[in-house]
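If you read the protein sequences in the order shown, they are chains A and B.
Just so we're aligned: the first sequence equals residues 1 to 219 in the numbering used here.
Just so we're aligned: the second sequence equals residues 220 to 914 in the numbering used here.
For each residue, glycine too, the CB sits at the ideal point set by N, CA and C.
None of the values given here were measured: they were computed from a predicted structure.
Notes to accompany the following structure.
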Amino acid sequence: MTLTIDIDGTETEVAPGTTVLEAVRAIGGYVPTLCFDERLDAFGACRVCMVGIEGLTVPVAACTTLCRDGMRVDTRDETALRVAAATVELVLSELPGPPAQHTELAVVANALGVDGGELRWPGEQHEHVHDERHPYLALQHELCISCGRCVRACDEVQGAFALTATGRGFGSNIAAGLDEGFRESACVSCGACADTCPTDAITELTLLALDSEEASGAL
Amino acid sequence: MRFDRSVTTTCGYCGVGCRLEAHAADGRVATIAPALDGPANHGHTCLKGRFAHQFSRKRDRLTAPLIRGEDGALRSAPWDEAIALITSELTRIRDSRGPDAIAGLASSRATNEDCYVMQRLMRAAIGTHNIDNCSRVCHSPTSWALRQSLGLSGATGGFDDIEAADAAIIIGANPTEAHPVVGARIKQATLRGLKLVTIDPRRIELADYGVLHLSPRPGTNAAVMLGLAHVIARDGLTDELFLKQRTKGWAALEDLLADYTPGEVSRITGIRAADLERSAHIYAEATNASILWGLGVTEHRYGSEVVRLICNIALMCGKVGRPGSALLPLRGQNNVQGSSDMGALPDTFTGYQSVGDEDVAQRFEARWGVTMKRTGGLKIPEMFDAAVAGELKAMYIFGEDVAQTDPNTTHVIAALESLEFLVCQDIFENETTKYADVILPASSFLEKQGTFTNAERRIQRVEAAIEPPGEARTDFDILTTISKALGHDMGFASPAEVMDEVAQLTPDWAGVSHDRVARGGLQWPVAADGTDSPLLYAERFELPGGRARLAALPYKPPGSEASDEYPMILVTGRRLEHYNAGTMTRRTGNLELLASDWLELHPDDAERLWIGDGDLVSVRSASGRIELEARVTVRIEPGHVFTAFHFPEIRTNLLIGSSADVNTACPEYKVVAVDVRPVAEEASRTPAITGARRD
Chain A
1 MTLTIDIDGT ETEVAPGTTV LEAVRAIGGY VPTLCFDERL DAFGACRVCM
51 VGIEGLTVPV AACTTLCRDG MRVDTRDETA LRVAAATVEL VLSELPGPPA
101 QHTELAVVAN ALGVDGGELR WPGEQHEHVH DERHPYLALQ HELCISCGRC
151 VRACDEVQGA FALTATGRGF GSNIAAGLDE GFRESACVSC GACADTCPTD
201 AITELTLLAL DSEEASGAL
Chain B
220 MRFDRSVTTT CGYCGVGCRL EAHAADGRVA TIAPALDGPA NHGHTCLKGR
270 FAHQFSRKRD RLTAPLIRGE DGALRSAPWD EAIALITSEL TRIRDSRGPD
320 AIAGLASSRA TNEDCYVMQR LMRAAIGTHN IDNCSRVCHS PTSWALRQSL
370 GLSGATGGFD DIEAADAAII IGANPTEAHP VVGARIKQAT LRGLKLVTID
420 PRRIELADYG VLHLSPRPGT NAAVMLGLAH VIARDGLTDE LFLKQRTKGW
470 AALEDLLADY TPGEVSRITG IRAADLERSA HIYAEATNAS ILWGLGVTEH
520 RYGSEVVRLI CNIALMCGKV GRPGSALLPL RGQNNVQGSS DMGALPDTFT
570 GYQSVGDEDV AQRFEARWGV TMKRTGGLKI PEMFDAAVAG ELKAMYIFGE
620 DVAQTDPNTT HVIAALESLE FLVCQDIFEN ETTKYADVIL PASSFLEKQG
670 TFTNAERRIQ RVEAAIEPPG EARTDFDILT TISKALGHDM GFASPAEVMD
720 EVAQLTPDWA GVSHDRVARG GLQWPVAADG TDSPLLYAER FELPGGRARL
770 AALPYKPPGS EASDEYPMIL VTGRRLEHYN AGTMTRRTGN LELLASDWLE
820 LHPDDAERLW IGDGDLVSVR SASGRIELEA RVTVRIEPGH VFTAFHFPEI
870 RTNLLIGSSA DVNTACPEYK VVAVDVRPVA EEASRTPAIT GARRD
């Protein structure tokens, strides 16, 4: 049995259990995402993959919404895009600077037209807190947007359960173990967290060195 | 742009075969990420594949050929001079002593194409079947046994069978350390409901995620397998139709199994009878169940027989040839499957075609324009014996540090010292190159092009992210150049052309080409039209009559047993952070994560021997003695000790004797009787190479 759905005017058949996001990607469409990683179970936390569904009054998250037969999906729905853009704008407003161009966050911000110019809701920004005690992995806590991807990659891909989401609200962040750093935690240094991080909150020391070389070379 | 060059390639560490996206900047690897579409790794990799790449530009990389002068010192030399010397020496020895006075080793770390040209160099340019590779010392028993029992030398399925299975048995493998990405996949599968039974002398990490852990005495795997089979037969859990239609030898096996009651097996192995019975039921009653094993099965005196006994269990339950019911050997090195597939073995050409088969031999002779003997050459341990006996005069060792990784190190060194001429082709100087007359600077997996074949029989592409450093060359370039200098021009312009020749000469690889391997890889056998084989034996086994062969092989005690003088049993293995001889990982940040080996010891033994956690201890076997730090842990059973072999300053393999598998000569690394005692004073950590006690 398959379901027939319509995405932006294109009819497509999907298997039951397919999410709207999977259906959109299967036909080569684009919906921005932040907390989504195909290696992990859908999380539905970031509210950036918003799409319009005919018959619903509010947009829904494409990553956690299952396709229904006859569903009509609008990935260019005005309300959905406005909500997503505002969400990303709020995320950016907490960061100490614009996201590095190679990051997923920058790609999503560009796609939603959030160019990092004048912020509508300026407020408190995260202080630099760096942890470079591991030979390969660097934590840059000020870049954490609490998408939960690293924590879930550690649990669902590697199974080391070394990372934890900590704090609440503006103070939300991540910690390796009980915040004693990667080496003292249950970390097995697989790097799945750095691989999935959309902001460089967890990245590699060699890449930081490369980026700073590049930055100084550009001066 | 952050990077100058980005390639999708295949990891050069273990046999899992993770697909990697390697990015380079300024001629160095900048970062490595997992390929999301990697069939074995599903967008994941471990700290070796992802991070341990800085070795590739370490200052002590070999960047020019080195020739040993009259004074014994090495000096840099131009390539022309090194090649001329190799050519003249090998020609002199061949002409005076015959081609069988020369032997070569291919590398399970190198590509299929490298291994193919290496065996062709030895067979066609030199004229000897004295070619082997390091799978001899790890999974040769698996290769041999799978061919005997089922027909083909490879896993019956792939890693996707882990998720498709309802139950699994892991025996003699520690995947979360030695095959970390498969280890993670198994762990995730257990969290989703896979019923896992782990069988290992050590309580490995996955034991904490399984339903049952059995700790047999080292060297008693055969009894465990026979016991499981006994319970399966006794409790009517066999697949009668499968046994009748698809196997041979059941009557003899059934008779043999009668002796291996749980009580008897418990006496031999030390595991509880009830645990044995429960394990047999978990495996046999599952709709689909797989068995995975590693070197803890093979590196024994009867390792090859145990692999056959593992096959028995799967065959008795009809759990072969469908998704989720697979036999999955966890191959040790990245290309241990491929190096053997490529004929870098003394008795077979590519695809395990016997050198004694007239039709096969003629096909190769016609292609290469040479004539060859119909009898096989020397296996690795036999090469060392022949060298010590003065019959073998020259060796060409490519990508293997035999003086650190092979057993009975003292004997290996004596063999290397006996040679008139030794060529080493490697990326770093190592324990073996100390005895070399010429050292050729080769390339790592990040610097060359070709294919690796992983533990799933999957042929995958390898692409160069960076260039070889300095004057170093690709192994393909070096080996074909030397072959030409010896008068045998292979005529290959690229590794892709090597694969084309393999396809033409090898029925199981008939449809393989670099273009077809592409991104997704191909699992051999590959038909001429390019159809590959993710699953083997769905309908027939690759043996006469299409039937699998059950093996009625009794338990026999291991080659080394605890005695009054050597009362403990040493088991060796790998640590997560390092890889084999450590040549690569010790030159990366992984050394910061794990700086040395240690000896694992049970608290009861520690107390009895007055050894505290962190104390320096002496470990002595009949073959040698080493010193290292002790760590007290309940993960090991009383009477057993464990260490790895990654550090030359500890040199674990000094302890290993020459006991080996009866069918394949794979060394018995996993059972060594030793004496452990504290070292009272601050002692030297220099290993005692010649100071081994003689009784």
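Same chain only: Cβ atoms within 7 Å of A/D69, ignoring 5 sequence neighbours per side
L3 and T4
Can you tell me which of the three DSSP states B/I237 falls into?
Here residue 237 of chain B turns out to be Cys, not Ile, going by the sequence shown. If DSSP states are grouped into helix, strand and coil, B/C237 belongs with coil.
Where the segment 205 to 216 of chain A meets chain B: residues whose CB sits under 8 Å from a CB there:
T206, L207, L210, D211 and E214
Scan the segment 184 to 203 of chain A for residues whose Cβ lies nearer than 8 Å to a Cβ of chain D and list them as they occur along the chain.
The chain inventory of the structure shown lacks chain D, comprising the protein chains A and B.
For B/I646 versus B/S662, is the C-beta spacing smaller than 8 Å?
yes
B/F617: first and last residue of the uninterrupted beta strand (DSSP E) it sits in:
A613 to F617
Using only CA atoms, which one of B/A271, B/V891 and B/Q581 lies nearest to B/A249?
B/A271
How do the segment 474 to 484 of chain B and the segment 556 to 567 of chain B stand: do at least 3 beta-carbon pairs fall below 8 Å, yes or no?
no
On the three-state DSSP scale, how would you describe B/E846?
strand
Where does B/R806 sit, in a helix, a strand or coil, going by DSSP?
helix
What would DSSP say about B/T725, mapped onto helix, strand or coil?
coil
When the Cβ atoms of the segment 480 to 492 of chain B are set against those of the segment 361 to 378 of chain B, are three or more pairs found closer than 8 Å?
no
Quick one: residues in its chain with C-beta nearer than 8 Å to the C-beta of B/G764, no 5 flanking neighbours on either side, listed in chain order?
K467
Can you pull the DSSP bridge partners for B/P660?
B/D645
Verify the CB distance criterion: does A/G181 have a CB-CB separation below 8 Å to chain B?
no
Buried/exposed call for A/L137, threshold 16 Cβ in 10 Å:
buried
Less than 7 Å between C-beta atoms, sequence neighbours within five positions excluded: which residues of the same chain meet that for B/S573?
D566, T567 and V579
Spatial neighbours of B/F864 in its chain, beta-carbon cut-off 6 Å, leaving aside the 5 residues before and after
T791, T871 and N872
Note down, in chain order, each residue of its chain lying with its Cβ closer than 8 Å to the Cβ of B/A452, except the 5 sequence neighbours on either side.
E473, L476 and M535
Excluding the 5 residues flanking A/A175 on each side, which residues of the same chain have their C-beta closer than 6 Å to its C-beta?
T164 and T166
Uninterrupted beta strand (DSSP E) stretches inside the segment 723 to 775 of chain B (no shorter than 3 residues):
none
What is the rounded straight-line gap between the Cα of B/P626 and the Cα of B/F861?
16 Å
Spell out the partners DSSP gives B/L835 in its beta bridges.
B/E848
Out of B/P660, B/V621 and B/F640, which has the shortest C-alpha to C-alpha gap to B/I632?
B/V621
Using three-state DSSP, classify A/L112 as helix, strand or coil.
coil
Contact with chain A by B/T227, beta-carbon distance below 8 Å:
no
Leaving out five residues on either side along the sequence, give the residues of the same chain with a beta carbon under 7 Å from the beta carbon of B/T802.
D620, F647 and N649
Would you say A/P96 reaches chain B, if we count a Cβ-Cβ gap shorter than 8 Å as a contact?
no
What does B/L174 pair with, by DSSP beta-bridge criteria?
The question about residue 174 of chain B has no answer, for chain B in this structure spans 220 to 914.
In DSSP terms, what B/L795 is bridged to
According to DSSP, B/L795 bridges with nothing at all.
Near-chain B residues of the segment 158 to 177 of chain A (beta-carbon distance less than 8 Å), N- to C-terminal order
Q158 and G159
Find the residues of chain B that neighbour A/E156, judging by a C-beta separation of less than 9 Å, and give them in chain order.
Q407 and L410
Which one or two residues does DSSP pair with B/F671 in a beta bridge?
B/Q679
Residues in the segment 7 to 31 of chain A having any Cβ partner in chain B nearer than 8 Å:
none
Please determine, among A/T33, A/A194 and A/L40, the residue with the shortest C-alpha to C-alpha distance to B/R269.
A/A194
DSSP state of B/S498 mapped onto helix, strand, coil
helix
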